[in-house]
Amino acid sequence: MDVATATGDHARKITAKSYRLYKELGEEEGIRKLVETFYDIIEQDPDAAELHLLHMRGQGVAHSRREQFNYLSGFFGGPSRYVLQHGHSRLTEIHEHIHIGPKMRDLWLSCMEKAMAQVGIEGALKDEVMLHFERAAETSRNQDTDE
Numbered sequence: 035m036d037v038a039t040a041t042g043d044h045a046r047k048i049t050a051k052s053y054r055l056y057k058e059l060g061e062e063e064g065i066r067k068l069v070e071t072f073y074d075i076i077e078q079d080p081d082a083a084e085l086h087l088l089h090m091r092g093q094g095v096a097h098s099r100r101e102q103f104n105y106l107s108g109f110f111g112g113p114s115r116y117v118l119q120h121g122h123s124r125l126t127e128i129h130e131h132i133h134i135g136p137k138m139r140d141l142w143l144s145c146m147e148k149a150m151a152q153v154g155i156e157g158a159l160k161d162e163v164m165l166h167f168e169r170a171a172e173t174s175r176n177q178d179t180d181e
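At position 63 of the sequence shown (counting the first as 1) the number is 97 in our numbering, and the numbers step up by one without a gap.
As structure tokens, then:
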């Protein structure tokens, strides 16, 4: 087997696994519900005030709702809306304009975990999705400190 075939097979396995997550999360409707719930938490939960302010210093929460839905659709194996619109899905570039230290990373993860609980993502699916989110959140972190 040549490298191209092996790489193609590997890519198909990754895509099939990701698409399984997209399906298990409820496809477009499920991803949208998760994102909407996540941003509702950011806007309403006093514990998430810092994260809300961070989004308000950028292009606002409405913009973030759209972009995160587009991103997560492709991230979990569905339509690659974000990549089609922006040409890439590199988290480091997406977040380079904002300060993300360990505290903000952990706050984001906490809000996402609350959102998953509210929409009924639990058990092994929750654990698997959180693992993906933890990796993504760490990739987005661009500061070693919170200052």
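All C-beta atoms in this analysis are idealised placements derived from N, C-alpha and C, irrespective of residue type, glycine included.
Only buried fits Thr71, as 16 or more other CB atoms lie within 10 angstroms of its CB. For Ser174, the uninterrupted alpha helix (DSSP H) segment begins and ends at Gly157 to Ser174. In the same chain as Glu130, and ignoring 5 residues on each side of it, the C-beta atoms closer than 8 Å to its own belong to Asn176, in chain order.
For Asp74, the uninterrupted alpha helix (DSSP H) run begins and ends at Glu61 to Gln78, by DSSP. Our two residues, Glu58 and His133, have alpha carbons roughly 33 Å apart in a direct line.
For the pair Glu127 and Glu77, the Cα-to-Cα distance works out to about 25 Å.
Per DSSP, reduced to three states, the secondary structure at Phe110 is coil, with no helix or strand assignment.
At a Cβ-Cβ threshold of 8 Å, Met138 and Leu88 count as neighbours.
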